[in-house]
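Listed in order, the protein sequences are those of chains R, G and F. Taking the numbering used here, the leading residue of the first sequence gets 1, the next gets one more, and so forth. Taking the numbering used here, the leading residue of the second sequence gets 1, the next gets one more, and so forth. Taking the numbering used here, the leading residue of the third sequence gets 1, the next gets one more, and so forth. Cβ atoms here follow ideal geometry from the backbone N, Cα and C, with glycine treated the same way.
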Amino acid sequence: MAIRLGQLIEQLGGSLHGDPDFLVQKISPLETATPSSLAFLSNPLYRSQLATTQAGCVIVSPEMQSSVPAGSACIVSSNPYLYFAKVTQFWRQQQVAADRDALVHPSAVVHPQAVVHPTARIGPLCVVEAGARVGAHSWLKSRVTVGEQCQVGERCILHSGVVIGADGFGFAPHADGWVKIEQLGAVRIGNDVEIGANTSIDRGALADTVIEDGVKLDNQIQIGHNCHIGAHTAMAGCVGVAGSAKIGKHCTFGGAAMILGHLTIADNVHISSGSLVSRSISEPGQYTGFYPLAKNADWEKTAAIVRNLGTMREKLRQLEKITKNKE
Amino acid sequence: MAIRLGQLIEQLGGSLHGDPDFLVQKISPLETATPSSLAFLSNPLYRSQLATTQAGCVIVSPEMQSSVPAGSACIVSSNPYLYFAKVTQFWRQQQVAADRDALVHPSAVVHPQAVVHPTARIGPLCVVEAGARVGAHSWLKSRVTVGEQCQVGERCILHSGVVIGADGFGFAPHADGWVKIEQLGAVRIGNDVEIGANTSIDRGALADTVIEDGVKLDNQIQIGHNCHIGAHTAMAGCVGVAGSAKIGKHCTFGGAAMILGHLTIADNVHISSGSLVSRSISEPGQYTGFYPLAKNADWEKTAAIVRNLGTMREKLRQLEKITKNKE
Amino acid sequence: MAIRLGQLIEQLGGSLHGDPDFLVQKISPLETATPSSLAFLSNPLYRSQLATTQAGCVIVSPEMQSSVPAGSACIVSSNPYLYFAKVTQFWRQQQVAADRDALVHPSAVVHPQAVVHPTARIGPLCVVEAGARVGAHSWLKSRVTVGEQCQVGERCILHSGVVIGADGFGFAPHADGWVKIEQLGAVRIGNDVEIGANTSIDRGALADTVIEDGVKLDNQIQIGHNCHIGAHTAMAGCVGVAGSAKIGKHCTFGGAAMILGHLTIADNVHISSGSLVSRSISEPGQYTGFYPLAKNADWEKTAAIVRNLGTMREKLRQLEKITKNKE
């Protein structure tokens, strides 16, 4: 596949400095680019790679334009990373234009009482249960389950292995063991939501679990019942959110962050990878809590001290008392 | 759907204060209940919600009965949360009574040498392999795999994406790399076990991995080969249990707790979310171990000190020595 | 099933002390072995079990031979654990020799433009997409997805629920929300790779995600886009690797270890369970970082001190100053 630079400019804007008939044959990182590649520079940290790149054309900001090597064309854009994102989308569209066939794969199991928009794609071996809805232009990749009564909005992408609407984890304790609380709610997913491979979102106990517009969830994520996740919040892989957590808009969660149940997280909160959120957060900002990595022998030493910090503090108090008495 | 209050009392007991012909049209939390809702109050912490609820009827304990608003009916039960659990089950039964069709979905792949009880339900696109057994009234939701020779007891629920009986992770080191140890055991699951979406339980290396009666596992859980999990133990989402761990009865594990291999955990042990269990536990109780969350700047400060706790302790010892010498 | 001891020696070598016509009817751990069992002793820690074992035959090292009970046969091998691994493989071969039927299960969805080697097995309800390749003698268990253009080498095993080639998690921030970066790379998996249940490996953004020969991944693992994992590296369950991490050869990762993005990890690095790797590691060795487990009350005490370690250090500095001034 190849795309003319002129075609890109027509579609996506930006100003081109170079030959509009130059054929882009691939999109590459700056450092591995070849003369037939289109590359981009977004982070000024990688500026040094610009000087030595072999790329036939580079997407740059106005400030970087003067640093583009003499032999390379460039596209100048105020936001090169966003421009690059749009190039990948255009590239993908050209690729798939040919092989769009049946929108609902014959191997998918779609319940007669499910409502799938005529423009939605349901991939091989997916299950869409009774009363479920899949909105316009949404795409369930292979082996996705959308459970009874659950709703998926428009332009969503659900990757393979996703499970929407399994039962929330609800049991009443009883002398003979746990008594199941039937989960009578569903899951409501807004528009432009993307959900990664093998991620699961449980249905609510009584009301619905809600994922607002523009939320992006990576792979292997667990969202408990009754959660509410605000618009445009993004979570990296392996994150877990316990039941009934209410998470604001425009938040980000690093990989394997964990959020306990019934907490409220404000808008614009950013949680670092590997951090456990054990209390509600009302103030925007970056929050962190993981034990620093060390050579094992060093960790053993500090961990032993951590276990006995109470003793250490006591000794310090004794010393303070003695020293104060002497003054 | 609607259920008469009188019908509930007939089925589930409890004493009704109100009109038995009142029609419950939904089950709701106290705070969002409407005049057609049935709600419940279990945790006295939420007592204040009782005063202002719009619920047509509330399930309460005898102590709370006097606080029910004048306009609302109430059902008095010694264990309102358990009563509520049973109401959800009754509600679900009425819902599904109509749409029970084929017990084994035609898209499921059930090996001719598998033994599925005639009352068990096997959902769409499930796989039940040779020699596997599924007991009476058990339900495999969509896209579940039960591997060769593995057994699922009675009244179990396995949610979508569950994998029972993948190979345990066993390799012998060798100069040329890892040599696979074929996993010759299976998985044996007792009665009344529920297993959440995308959870996996590996088959044993030689003997079987065993999950006893009444165990409840949430989503995205990993149980390694040869584990033995005692009756009525419950694990929240994203928990991992390494191979050959032996876990007692009536334990609970918070989300993302991790248990190392070859450990023994006593009955009635409770592990907090995000905690790593690195040694056997012989005494019942609550155990915790996660780094407390802080604003990132504060965490950076304390983490730097944690890395150097050895130095801090040394300084403290020096001071103690000096102070002692002076006395 | 039963295997003659003499047959094992013919196939796998080793020297037999006992009757070659003895029939092994099962393979068992030393402690639960019966007179018809073959067992093995690898770790000298379990030597005491050798004295009391009921096993009909035991695989031992030359040093242990003298400790084998009088009634038991033994196979002497310089590496009993490796020998045991090979026995399990031979056992499995005999078991499955009979029931090899169709290599590509009729319920699998294999795209006409996928290339599956004639010796590869594609299990029930798998999906192999356009342009994907599966090499000789590789085995996709049930419900595995191999995405477009992704390659699986020879003699690989992919367990149920595995997703190869879902989109990496890439978005450009924009005032209106996140703009998707189409993931134009694929996944390339070498030979002799094993991948556990419900594990996912994302396709690269531009170049490919690469898993080298002999890598072993357990269940519920997440590998982000553009990662490169060196040969013979092994990862236990629930590990997460963020995007663009470059991991060396012969590394091991304990369960639930997490590796942040864009890091470089040298060969022969070993990360303990539950540890977050937040910086590149250039030196081989064992690294650890998790908060030590304690009774909850003790943890609450030490966690409170950890939160205020800055204050504690300040007090220590004050004391040092005072003490020094007095000297």
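request  = Can you give me the Cβ contacts of residue 65/F inside the same chain, cut-off strictly under 8 Å, excluding the 5 residues immediately before and after it?
outcome  = Here the set comprises 17, 74 and 76.
ask   = Quick one: is residue 296/R near chain F, going by C-beta distance under 8 Å?
value = Yes - at least one Cβ of chain F is within 8 Å of the one on residue 296/R.
query = Taking the C-alpha atoms as reference points, what is the distance between residue 223/G and residue 84/R?
reply = Our two residues, residue 223/G and residue 84/R, have alpha carbons roughly 42 Å apart in a direct line.
key: Host alpha helix (DSSP H) of residue 60/G (start-end)   = Membership of residue 60/G in any alpha helix (DSSP H) is not indicated; the residue belongs instead to the beta strand (DSSP E) covering 57-60.
task = Report all residues from its chain with a CB closer than 7 Å to the CB of residue 264/R; omit the five preceding and five following residues, and keep chain order.
result = The residues 246 and 280, in chain order, have a CB closer than 7 Å to that of residue 264/R in the same chain once the five nearest residues on each side in sequence are set aside.
task = Put residue 321/F into one of helix, strand or coil per three-state DSSP.
result = Of the three classes helix, strand and coil, the one that applies to residue 321/F here is helix, per DSSP.
inquiry  = Any beta carbon from chain F within less than 8 Å of residue 134/G's own beta carbon?
reply    = No, no contact with chain F.
request  = Compare the Cα-Cα distances from residue 104/F to each of 144/F, 221/F and 60/F and report the closest residue.
outcome  = The candidate whose alpha carbon is nearest that of residue 104/F is 144/F.
query = Of all the alpha helix (DSSP H) runs that stay within the bounds of the region 19-53 of chain F, which reach a length of 4 or more residues?
reply = Correct list: 47-52.
request  = Evaluate residue 151/G with the Cβ neighbour count: other Cβ atoms within 10 Å of its Cβ, from every protein chain shown; 16 or more gives buried, anything less gives exposed.
outcome  = Its Cβ being crowded by 16 or more others within 10 Å, residue 151/G is buried.
Members of the region 221-247 of chain R that neighbour chain F once the beta carbon cut-off is set at 7 Å = Listed by position along the chain: 232, 234, 236, 237 and 238.
query = Along the region 155-167 of chain F, what residues have a CB closer than 7 Å to any CB found in chain R?
reply = Of all residues in the region 155-167 of chain F, only 161, 163, 166 and 167 place a beta-carbon less than 7 Å from a beta-carbon of chain R.
query = Sorted by chain position, which residues of the same chain lie with C-beta nearer than 8 Å to residue 315/R's C-beta, five sequence neighbours on each side aside?
reply = Excluding residues up to 5 positions away in sequence, nothing lies with its Cβ nearer than 8 Å to the Cβ of residue 315/R in the same chain.
Bounding residues of the alpha helix (DSSP H) (the contiguous stretch that carries residue 218/G) = That residue, residue 218/G, is in no alpha helix (DSSP H); it is neither H nor E in DSSP.
Cβ pair residue 181/R, residue 166/R closer than 8 Å = Residue 181/R places its beta carbon 8 Å or farther from that of residue 166/R.
request  = Please state whether DSSP places residue 311/F in a helix, a strand or coil.
outcome  = It is helical.
request  = Report buried or exposed for residue 312/R, applying the criterion of at least 16 other Cβ atoms within 10 angstroms of its Cβ.
outcome  = Around the C-beta of residue 312/R, 16 or more other C-beta atoms lie within 10 Å, and the residue is accordingly described as buried.
ask   = Is the number of C-beta pairs between the region 52-62 of chain F and the region 226-235 of chain G that are closer than 8 Å three or more?
value = With a cut-off of 8 Å on Cβ pairs, the region 52-62 of chain F is not in contact with the region 226-235 of chain G, counting fewer than three such pairs.
query = Can you list, in chain order, the residues of its chain whose CB lies under 6 Å from that of residue 129/F, leaving out five sequence neighbours each side?
reply = Within the same chain, Cβ atoms closer than 6 Å to the Cβ of residue 129/F are found at 111, 147 and 148, the five residues on either side in sequence being excluded.
ask   = Do you know whose CA, among 88/R, 287/R, 50/R and 80/R, lies nearest residue 70/R's CA?
value = Residue 50/R is the option with its Cα nearest to residue 70/R.
ask   = Applying a beta-carbon distance threshold of less than 9 Å, which residues of chain G neighbour residue 283/F?
value = Simply none; closest approach about 16 Å.
ask   = Excluding sequence positions up to five away, which residues of its chain have a Cβ less than 7 Å from the Cβ of residue 11/G?
value = Apart from sequence neighbours up to five positions away, the residues of its chain that approach residue 11/G with a beta-carbon distance below 7 Å are 90, ordered along the chain.
task = Please compile the residues from chain F whose C-beta is within a distance smaller than 7 Å of the C-beta of residue 182/R.
result = Going along chain F, no residue has its Cβ under 7 Å from residue 182/R, so there is no contact; the nearest lies around 26 Å.
task = Specify the secondary structure class of residue 106/G as computed by DSSP and reduced to three states.
result = Here residue 106/G sits in coil by DSSP.
key: Range covered by the beta strand (DSSP E) that runs through residue 286/F   = Counting along the chain, residue 286/F sits inside the beta strand (DSSP E) bounded by residues 285-288.
ask   = Quick one: does residue 178/R have its CB under 8 Å from some CB of chain F?
value = With respect to chain F, the C-beta atom of residue 178/R has no partner C-beta closer than 8 Å.
query = Could you give the residue range of the beta strand (DSSP E) that holds residue 165/R?
reply = Per DSSP, residue 165/R belongs to the beta strand (DSSP E) from 163-166.
request  = Report the option in 238/R, 258/R and 134/R whose CA atom is closest to the CA atom of residue 218/R.
outcome  = The option with the nearest alpha carbon to residue 218/R is 238/R.
ask   = Quick one, which residues of the region 184-205 of chain F are near chain G if we go by CB-CB under 8 Å, in chain order?
value = Result list: 192, 194, 196, 197 and 198.
query = Using a C-beta cutoff of 8 Å, does residue 98/F count as contacting chain G?
reply = Only weak support is given to the placement of residue 98/F: the predicted model assigns it a pLDDT of 48, under 50, and the question is left unresolved by the model.
query = Any idea what DSSP makes of residue 88/G, helix, strand or coil?
reply = Assignment of residue 88/G by DSSP, reduced to helix, strand and coil, places it in the helix class.
Pick from 319/R, 325/R, 294/R and 321/R that is closest to residue 310/G, judged by C-alpha positions = Measuring from the Cα of residue 310/G, the nearest candidate turns out to be 294/R.
query = Taking the C-alpha atoms as reference points, what is the distance between residue 255/R and residue 242/F?
reply = Using only the alpha carbons, I get a separation of about 7 Å.
query = Mind checking if residue 290/F is an interface residue toward chain R, Cβ cutoff 8 Å exclusive?
reply = Chain R, which has a Cβ nearer than 8 Å to the Cβ of residue 290/F, makes this yes.
ask   = Since residue 287/F meets chain G, which of its residues come closer than 8 Å, beta carbon to beta carbon?
value = Residues of chain G with a Cβ closer than 8 Å to the Cβ of residue 287/F do not exist, since the nearest Cβ in that chain sits about 13 Å away.
query = Name the DSSP bridge partner or partners of residue 74/R?
reply = According to DSSP, which records beta bridges pairwise, residue 74/R is partnered with 17/R and 58/R.
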